[in-house]
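Each number in my numbering comes from the position in the sequence shown (counting from 1) with 19 added on.
Here the structure comes first, spelled out in structure tokens, and everything after it is commentary.
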Amino acid sequence: MSSPAAGPLLTEIDHVAIAVRDLDAAIEYYRSTFGATVAHRERVESDGVEEALIKVADSYIQLITPTADDSTVAKFLERKGEGLHHVGYRVDDCGVALQAVKDAGGAVIDSEPRPGSRGTTVAFVHPKAAFGTLIELVQE
Ligand code: CO
20 MSSPAAGPLL TEIDHVAIAV RDLDAAIEYY RSTFGATVAH RERVESDGVE EALIKVADSY
80 IQLITPTADD STVAKFLERK GEGLHHVGYR VDDCGVALQA VKDAGGAVID SEPRPGSRGT
140 TVAFVHPKAA FGTLIELVQE
């Protein structure tokens, strides 16, 4: 298997996303237990989620909860319960990283990069292509 000629495409862990039923309760848990506070909170209507980003060094814990019963996170909670949902890796160029996944024959959820929260550009890689973990490519 060859590696990308330009070098490693993943530059940092951007966030670890955790699906929760009660966003405020989860935020309070991280605050009271770890002294961690919310750096950013946003409803992402296109994804049917509300998120709270808790900064940990240069990365985030992304707490996500569904805002619609038919959102993918709502289905995830129904199927698997609360817990680890996806890992977001920072990339310099979301389009280049997504193309590398496609070139390697991996299944993708987003065929093209799209807007994410915080003004980022993102694309999701299918977990079946990535040993069971949903991967988000995040370009800041
Ligand atoms: Co994410």
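From the three backbone atoms N, C-alpha and C, an ideal C-beta is built for every residue, glycine too.
ask   = What are the uninterrupted segments assigned as alpha helix (DSSP H) that are 4 or more residues long and contained completely in the region 55-141, given in chain order?
value = 91-99, 113-122
ask   = Applying the criterion that 16 or more other CB atoms from any shown protein chain within 10 Å of the CB defines a buried residue, is Phe150 buried or exposed?
value = Translated into positions along the sequence shown, residue 150 becomes position 131. When all chains shown are included, Phe150 counts as exposed.
query = Out of curiosity, what's the CA-to-CA distance linking Thr139 and Thr91?
reply = The count along the sequence shown starts at 1 and reaches residue 139 at position 120. The count along the sequence shown starts at 1 and reaches residue 91 at position 72. Distance between the alpha carbons of Thr139 and Thr91: 20 Å.
query = Hey, is the region 114-131 in contact with the region 62-75, meaning 3+ C-beta pairs nearer than 8 Å?
reply = no
key: Where Leu103 falls, given that 16 or more other Cβ within 10 Å makes a residue buried   = Position 84 of the sequence shown holds residue 103. Result: exposed.
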